[in-house]
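Student: This structure is in structure tokens; I'll ask about it shortly.
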Amino acid sequence: MAKKDASGTPRMNKKLYEDELRRLQADLVTMQEWVRESGARIVVIFEGRDAAGKGSAIKRVTEYLNPRIARIVALPVPTDRQRGQWYFQRYIEHLPTAGEIVLMDRSWYNRAGVEKVMGYCTPDEYRRFLHQAPLFERMLVEDGIILLKYWFSVSDKEQELRFRSRLKDPMRRWKLSETDVLSITKWVDYSKAKDEMFVHTDIAEAPWWVVESEDKRAARLNMISHFLSMVPYEHMEPPLVRIPHRPPASDYERPPRELNRPVPDHAARITELAAEAKSKGKGKG
């Protein structure tokens, strides 16, 4: 039975999702080659509520890309020195050079969201940001950078379900912070901050694109498909690499393996334990 989101809508079929994701990821690899050859510069901003699916979307975008070309930027809390800088200064050093794609897992829009709602910036700093952000982004676009901004939208019920799922999962519990949990009690404050942010920063040169993410599978496909459609890439074959014949190692003799320090063979051990357990299970029958 297909899983459903908080509204009761069935999730996208997994097999259909995986087949289309692989096709889109192949197109991303093609786009990457065009970026490298053309010297294009791309910045993709991922914003949205906590647990809206930004990180998982970034993971699928970069899964098969060259990390030297496609970089993920997820900045920590600013240092005291950075707090004394012009607000956009610490982001500038992470912008792409020719032939690079930068994916920002949150961005300068922290000031319009978390900092505004949690009181981490002053009212003057907030108003200055709303005035300067469009100016800053227009400069980036005028200089030739392809700037894409995605807002991942999720309902309050679905967000809470994902928070509770993370709390029970030891592999994902690290994703849940006190600030994340506070977003439940400050839902309306975040909504107002997002609406105000859109009023000031949804500009023609760099508009906001909303990704409905109640269904994470559909959200990833929609975002990647749109991303590809916004980049004027052309199909480019990567340089042909020829694998040479290995010359005979007539003047080399490998040292005895006994001189090495091999890691314990954990894989062999669990294979052995699994075989024993299976054998005991058959014996009971």
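For the sequence shown, UniProt numbering begins at 1 and goes up steadily by one. Glycine included, every Cβ here is placed at the ideal spot set by N, Cα and C.
Go to TRP108, then tell me how far its beta strand (DSSP E) extends in each direction, as first and last residue.
Tutor: As a first step, residue 108 is located in the sequence shown; it is residue number 108 there, counting from the start. Unbroken run through TRP108: none, as it is neither H nor E.
Student: Let me check understanding here. Comparing Cα to Cα, which of PRO238, GLY144, ALA218, THR185 lies closest to SER153?
Tutor: Sequence index remark: in the sequence shown, residue 153 carries index 153 (1-based). Closest by alpha carbon: ALA218.
Student: So the candidates are ASN110, LEU273, GLU212; which of them puts its Cα closest to the Cα of ARG11?
Tutor: Working through the sequence shown from its first residue, we reach residue 11 at position 11. Nearest option by C-alpha distance: GLU212.
Student: Around the C-beta of MET223, are 16 or more other C-beta atoms found within 10 angstroms, so that it is buried, or is it exposed?
Tutor: Locating residue 223 in the sequence shown gives position 223, counting from the first residue. Buried, since its Cβ has 16 or more Cβ neighbours within 10 Å.
Student: According to the neighbour-count rule (16 or more other Cβ atoms, all chains shown, within 10 Å of its Cβ), is MET1 buried or exposed?
Tutor: Reading the sequence shown from its first residue, position 1 is the one you call residue 1. Because MET1 carries a pLDDT of 48, less than 50, the predicted location of this residue cannot be relied on, and no value is offered for it.
Student: Of all the beta strand (DSSP E) runs that stay within the bounds of the stretch 155-233, which reach a length of 3 or more residues?
Tutor: 208-212
Student: Below 8 angstroms on the Cβ atoms is my guess for PHE136 versus PHE88; work out the distance and round it to an integer in Å.
Tutor: Along the sequence shown, read from residue 1 onward, the residue named residue 136 stands at position 136. Along the sequence shown, read from residue 1 onward, the residue named residue 88 stands at position 88. Between PHE88 and PHE136 the Cβ distance is about 5 angstroms, and since that is below 8 angstroms, they are a contact.
Student: My parser needs the alpha helix (DSSP H) runs of 4 or more residues fully inside the UniProt region "Disordered" (245-266); what are they?
Tutor: none
Student: Which residue or residues does DSSP assign as beta-bridge partners of LEU103?
Tutor: In the sequence shown, counting from the first residue as 1, residue 103 sits at position 103. Answer by DSSP bridge pairing, in chain order: VAL44, ILE72.
Student: Given a cut-off of 7 angstroms on the beta-carbon distance, is the pair GLY53 and LYS216 in contact?
Tutor: By one-based count along the sequence shown, residue 53 stands at place 53. By one-based count along the sequence shown, residue 216 stands at place 216. The answer is yes: Cβ separation under 7 angstroms.
Student: Using 8 angstroms as the threshold, is the stretch 183-197 in touch with the stretch 155-164, meaning 3 or more CB pairs across them?
Tutor: yes
Student: I need the DSSP call for PRO10, collapsed to helix, strand or coil.
Tutor: On the sequence shown, residue 10 is found 10 positions in, with the first residue counted as 1. PRO10: strand per DSSP, three-state reduction.
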